[in-house]
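Just below is one structure, and these are the notes that go with it.
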Amino acid sequence: MPKVLRLHNNGSQQVQGWQKTAPITSTEINTVTDPTGGRAKNVAVSIPTPFARMHLFETAFDFLAREGQRNPGSVYHELVSHFWDLFEILYNYNLYTQAGRKITLRRWNVEAELRRMQGDEGTRLLGETLRLFLQDDRFRDFSDMYLVFYESPNMPGGPQLLGGTSPLTLLFTAPAVRQLDLERAQARGHYFDNQVVLLEDRAPAFRDFVYELFLAYPQLQRREFAGSVFAGLDRNRINQMQMQGDHTAQQFATKYPAIADFQGNLASVKHVPLPSRADQSAVTSSDLFIAPTRPANQSRPTPLVLRPNLTMQGANYLNGQPWDDRTAVPYADELTLENRVLPGKGFKYPYLTVGDFLEDALVELPYELNAQRFHTGKVTFQYGADTQGRARFPYLLPLRQTFFEYFSDHDLAELLTFTIDLNHVRIALRIPVQGGRFITFERSYYQNPQNPKDAQGREIPEKGRIVKANIGLGVFPFYKMRAQPEYNDFYKVMLVDADNSPTMLQRRYDLTFFVNGERLTDQGAAKKATKFERTQKSVSTAGSTYYEITGTHFDLAELTCPPAFHGAPPARGLIVPRWRELDRGTRRFTFAVDFGTSNTHVAYADGPSAHPRPFTIGESDLQMELLNAPLPDTGYSAYQRYMRGPGQLFDIPLIQNREFVPSIIGEAGSVYEFPIRTAVCETNSYANEPSKVLSNINIGFSINTETGQPPQNRFVTNLKWSAELDPQGVNRIAAFFKEILLLMKHKAAMQGGILEDTRVVWFAPLSFDLFLRNQFQQVWDEAFQQIFRARRPTQCISESVAPYYYLTATNQVVPNRDENVINIDIGGGTTDLLIFADQKPAFSSSFRFAGDDLWGDGYARVQGAPKQNGLLRLGVQYVESLPDSEENQEYKGYLRAALQNPDFGSADVTSLLFTYNDALRFTQSLGLGKGRQLRVLFYLHYTAIVYHVAQLVQHLGLKPPRYLCFSGKGSLYLRLLSGGASMAAIEKISKAVFKAATGQEAPQNFRVILADNPKEATTNGGVLFEESATSTADFDQIRTVKLNGATEGQDIDTSRLKLPQVDADLKQSVIDNTRRFLDIVLDNDDVAPLMREVGVDVDRTRIKEILLREIEDSLNLGLHQIGRNLGQGETLPETLFFYPLKQALYNLSRELISNG
Amino acid sequence: MAKLFIFGIGGTGSRVIRSLTMLLASGVKLANCDRVVPIIIDPDAHNGDMNRTVDMLKSYQQIYQHLGPRDDGFFQTDLSTLSSISADTNGGVKDTFVFDFGGINQSFRQYLSYDQLSVDSKGLVELLFTQDNLESPLTIGFRGSPNVGSIVLNKVVESPEIRFFADNFQAGDRVFFISSIFGGTGAAGFPLLLKNLKDPNTRLSNSGYLRSALTGAVTVMPYFALQSEDNSVIDSNSFLTKTKAALSYYEHNLQGLDALYYLADTPDTPYENQPGGTAQRNKAHLIELLAALSVVDFMQYSDAELRNGAPHFHEYGLGTDTQDLNFSHLPDESRELIAKHLTQLLYFSRYHKQHLPTDKAPYHDNLNLDHALRNEPIFKELNNFLHSPEYGVDEWLKELSQNRRSFRPFDLTTDDFNAMISGKPVEKKWNDFFNKGLSQNYFLNQLNDAAKSIHEPDSFRKLVALFDQVTDKAFEEKVKVV
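Sequence order for the protein chains is A and B. Using the working numbering, the first residue of the first sequence is number 5, and each one after it goes up by one. Using the working numbering, the first residue of the second sequence is number 5, and each one after it goes up by one.
Okay, here's the thing in structure tokens:
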């Protein structure tokens, strides 16, 4: 039997001696039986080229293609497996290059490196040999080789060489490659271990990538390039993919961009770019994906939820790899989410752990949380923890804002549970993951937790600590519009920092706000949050900070507590409001604002037919909510319950009412009610700062409730006329208006108003010139349009018309056609007359002789005057004589404080006396003893006005009026004068004065009407005023008349009377007129005796003496006063008639109270 | 005058050249060339196989130089060292056939001047070579690492010998490579040298001639197994794995070759496992003889035949698959080529050893053999060539017979010339008393007769011519055919 001396079994057996046969090709090599089954090591070295290692991979692919099934454990299997490992690592280049791991490509440029080697004698041989072999066809175009290095903190010894690029198989691995600390995808061991994981056992995405690569670059399929690799691919699949469409290099490159080497060169092999996956969504499936209730951000991968000691046997950790209960998960990961490395996996993928959602500290408040208004989650009390009185819940949410990037506040009730135990509080936060499962994050908080430490001595925060925060917080307003988010604008948050122990003075609490997972900063464009530190805390007072959120509401506020000592981590807690959620309203609100010199009133109606009501804030429409719960309803008024909610932290209500907004106004026993003092409370430095309402300036609601000089703030009154005087005057007025408008907006919103249809009416006194009126109009319109987002302007009505309108609309005044009506509106500083003829306003006049001339300090307009007004002294003496009671104690305190307040004048303090009349019984004092003497002031004040009116009527040639109507807060003294509701005595006096002054008889049915609520008459009239019903043109035709005040009165405007023309004669004539007036009211037998009918009991002669002594000085003072503000060419603004009386009456009051 | 340059690379190269030398000594003709220049390349200066081959070649050359060119007979082929073919004797080209690596007592890493490489090139080296490759000392070969060899051996190209080879290369000269595909030196050296010779950018002279020179090669695949020892460097168990890997490389990477001879056998008797050094001295093997025949075969093709349709691939077929071969098991062609010549050489050697020193006969006196055998160096050289226990013909034949597959064409134990050819005893005719077949007397008579007819003044040349003629006649008359 012949024998061919060969290893293979192919080919002719008919060979005798040396005979030509065929070359031994892979076909023949296939048939060579290897007794070791290809298990021999060091095969690489048997290929006679320096590039043996590269060829070996080709051999390996060939081997697998022909006998992979027969010899499953061969050395070639391992090589091919490592080949795919390297390929997969490069494919996941972006994913694995992280967390201290580095995959670096270094270029080995053939030409440059060979030249360098050949240039050195020692390395010349290597260079020449490599050059010789690189001349082979198969290395053509292989101008650069890229070496792949891997570096990991877990693998000492610096960068490891994994492999390189090859013109034969695209890639090959280094002989010395070690097992990496990187797990293969799908948990098939670690890269470069000795497991055989062929392409078909790898992730589908990677397989797709390989197939696409070979289709996109068909040259790879050629035998002389990577044909051996291609031969191992599934032909059916290739065909299928080819039929499905073109696979271009361009398409491929967009999906799989080339990797750059460490110098930024794009790596390629024979013009084929070395690709990797662009996106990072390597994790395709997991049971531990978070299941958020908020729409997820599609551009970011969904994080997994893990925690220490997570037991989830059988759960799909990722991509089908099961969760291993032993996987160590940290409590907190310092890396940002996108830089995190999955525990046990070693590659970058975001996951969430306890520290992401639960804070290290639990913030405890010194009072019960207002759970009605702020979220708490579920709260349970362990047995024993709720026995000391009622169960109290004083905690902020120890959640991190991150939680709300995935969930909304509505989920809290279901996901968050507080369990309050005797010595600790346990928080359980259930995080929904896939398949309806939850992973519960738990943490217990102790006063002094003991935590284990790690190797570096850092504490492992298993247990949290409880941190006390002495703060108060108020949010204004407390609602959000569901359908009209544009109205969710301008929220103000007050933070009161009452942690004012000496060590804490330099450390501040702070708030950060978030909406829709986005942090609001002061840099925002549409949405932002700005901060204003108003009152600095000191040992004696709490501090206050105001945050303004514009352009949006906020979902949550994060409180940062200052650390108790330097270097300690700050504690944080979340405040999550349960907003009142409002829908679009249905009612049309009208508000009218009477911005008076001393008082401001606001009335409103919620429909055309509704009766105007004073503006109030009650428990049902609270605009401002505090973090603390109000006291439970235990017999206190709502006002008291809200005031006392903060418990021991008295500073909270103090600062709230002073700098912010009272909880309750005009209802439920509140000391705050409209009309309010026209005052602002502002920072001492307000004049030097940009005006920011509710930050450095606000309506001075508390002006009459301060028991002391407010720290770092001051009250400013007399706003109305300050526009002309003070550069900050307009700003103050604007701030005042703005806050009023905010209050109105919130009222309307919470009462179902259509905000954009809200009507706002305000009043201009007749004494406003057009410029002032326009200035006010502009301030009102701007604020109104901004706050109500309305396009219409506010409506301005003449101050004097409104009461008349109110009186006629409510049928208090019913004039006939030929009857005149005179409305006299007595304000704090100004009295406005409006004379109606033929039911139309025909004439008007205005003069500065009003309430303040009774209650004020005469011409001593400088604030902080010694408050010597006799009526005030009378009241103060009386109050001091009252026995102290629990009720009046507080108000006595307010009174004393007001008296000491340098910013206050007599009128301010008197206003307080009236406000607390119930307790202090000021009006009572006016009918007793000295009070009966001082009443003469009311009498003189009133009759002076009537005398002037009479002269005016005579001057105009009109019939005496049928009605004399009084409105304005200043007119309230008429009620004091009359001693009751009946105006009969006053009517008598009025008629007598009229007759004595003009010689004309008033009509038989002459009536003096004092509006039910004189101060409200204006605003109510404004509310009821309808543009359509009354032609505004009527009001434009009113003629202003100003008598000069002389005996034979002349119209100032007609005579163009200017200050220099007020000569001795004119002054004498004015004095003469005053004397005549005094003669009538103090001596005339038809008039003077009527004094008794209004309870005035004085020595008339003495009074007259005093007055006659004063009137000339008084006139000169008055002229001097207007001279300061009046230009040379300007006509006089008002009658001179009252000037002799103003200071005279004041001095009279002082004389009466001090003597006898 | 066409030359054949034979590169015998590594241990296999040495051993095949040994067999080839035996064939040439026996009178086997190499066609198409006038001179054979063997160049043995082995970096292992102490390799036993190589050293005895070199000694034998030196011996052959001395004998040939004494005998001079002839058309027929023993030692007819001019087997020359490189230096002998050059007129230049400045000593640059050594007279030995060994490429001397000048005592490489370095690790491969040092040899590459690794430390001087750039960072990236260091990376490349780490990528291409194993730690074992890099750390092994080069003194004991390449430890079965042709990839290392492919670099180290490239040094050869710079040697004066190779430059000299190229300088003397002429149009019409042929090149033949002998190497084994497994193991170390040969596997690496063959493709490397081929590449260098055919490299269009080579710095060797006569590169045009070199590139167009007809080039053949025999690549010997595993035919023996080494005794496996734990941690032995040369792991014969991996021979086949490595062979397959290398064959895959050959398939696409042997540019410029005109004829390739594949030879292999199933390994059987394990060799003692010695990685290089003097201990590596393996018994001569049939496969080596057959490989030597591939040179003969290659030379039998004319230039035109070789160029037409190159490369040509050849395999060897035995007539019978047996573990003990004699001439009858060889295919006819081979048998015809070598049987007679080897038989003549055997007769020469046996007679030379057993009878020549003691013969008292006219031819003996005529040649003054008593004196010559004892005193003349060339006679001593012949003695060495035939009987040296290191490299002599007797030893070679013995080794062939002792190996597996064994080649025992002769019964080396008998003194009876009639019984020397295995399985083919010379027929003696018992009815013819005078015809006793082959006996000492037969040779004696023939020698005496021939001594008269050959007119050759040089006694050594005459002695060789005598035995040429006598053994030829003996074979033709008595053996006739094997």
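Every residue, glycine too, gets a C-beta built ideally from N, C-alpha and C.
- Residue environment for R409 (chain B): buried (at least 16 other C-beta atoms within 10 angstroms of its C-beta).
- One Cα belongs to T834 (chain A), the other to R852 (chain A), and the distance between them is close to 4 Å.
- Assigned with DSSP and collapsed to three states, A683 (chain A) falls in strand.
- The closest CA to that of V58 (chain B), considering only B:R39, B:Q80, B:S84 and B:H70, is found on B:S84.
- In chain order, K24, T25, A26 and P27 make up the part of chain A whose C-beta sits under 7 Å from the C-beta of F317 (chain B).
- The secondary-structure analysis by DSSP pairs Y450 (chain A) across a beta bridge with A:H428 and A:R469.
- The beta-carbon distance between M5 (chain A) and D325 (chain B), rounded to whole angstroms, is 5 Å. This is short enough to meet the 8 Å contact definition.
- In this structure, R793 (chain A) lies near E760 (chain A), with their beta-carbon atoms less than 9 Å apart.
- For K248 (chain B), the chain A residues whose Cβ falls inside 7 Å of its Cβ are I33, V36 and D38, in order along the chain.
- Put simply, the CB of E399 (chain B) is far from chain A, with every gap to its CB atoms at 9 Å or more.
- For W22 (chain A), the pairing in a beta bridge is given by DSSP as B:Y320.
- When the beta-carbon positions are compared, V543 (chain A) and K531 (chain A) stay at least 9 Å from each other.
- Sixteen is the threshold: when 16 or more other Cβ atoms of the shown chains lie within 10 Å of the Cβ of G17 (chain B), as they do, the residue is buried.
- Around P195 (chain B), the beta-carbon contacts reaching into chain A at under 8 Å are P52 and T53.
- Leaving aside the five residues that flank L420 (chain A) on each side, the residues in its chain whose CB is nearer than 6 Å to its CB run, in chain order, G381 and L433.
- When rounded, the separation of the alpha-carbon atoms in D476 (chain B) and F67 (chain A) is 53 Å.
- Not a single CB atom of chain B sits nearer than 9 Å to the CB of P76 (chain A).
- According to DSSP, residue pairing for H194 (chain A) in a beta bridge involves A:E187.
- For V84 (chain A), the nearest beta carbon of chain B is not closer than 9 Å to its own beta carbon.
- When CB distances to chain B are screened at a threshold of 9 Å, the residues of the region 5 to 23 of chain A falling below it are M5, P6, K7, V8, L9, R10, L11, H12, G15, S16, Q17, Q18, V19, Q20, G21, W22 and Q23, in chain order.
- Against chain B, the beta carbon of A180 (chain A) has neighbours under 8 Å at E130, T134 and Q135, listed in chain order.
- Counting only residues of its own chain and dropping the five nearest sequence neighbours on each side, R1011 (chain A) has a CB closer than 6 Å to the CB of Y967.
- With its beta carbon at least 9 Å from every one in chain B, V200 (chain A) lies outside the interface.
- If only complete runs of 3 or more residues are kept, the region 695 to 750 of chain A shows the beta strand (DSSP E) at 701 to 703 and 717 to 721, in order along the chain.
- Chain order gives no chain B residues near W88 (chain A), where near means a beta carbon separation below 9 Å; the closest approach is about 18 Å.
- For K199 (chain B) against L136 (chain A), the beta-carbon gap comes to about 6 Å, under 8 Å, which counts as contact.
- Secondary structure of T604 (chain A) (DSSP, three-state): strand.
- In the three-state DSSP reduction, E671 (chain A) falls in the coil class, being neither helix nor strand.
- A straight-line Cα-Cα distance of about 51 Å links E663 (chain A) and D1076 (chain A).
- A residue is called buried once 16 or more other Cβ atoms fall within 10 Å of its Cβ, and H345 (chain B) is buried on that count.
- Excluding the 5 residues flanking it on each side, K541 (chain A) has same chain C-beta neighbours closer than 7 Å at D501, N504, L509 and G547, in chain order.
- When beta bridges are read from the DSSP output, Y355 (chain A) appears opposite A:L308.
- Residue nearest to L524 (chain A) within the set A:Q405, A:Q454, A:Q904 and A:T601 is A:Q405 (criterion: CA-CA distance).
- By alpha-carbon distance to R227 (chain A), the top candidate from A:L172, A:Y195, A:A271 and A:F266 is A:L172.
- Here N243 (chain A) is exposed. Its C-beta has fewer than 16 other C-beta atoms within 10 Å.
- Chain A has no Cβ within less than 9 Å of the Cβ of T219 (chain B).
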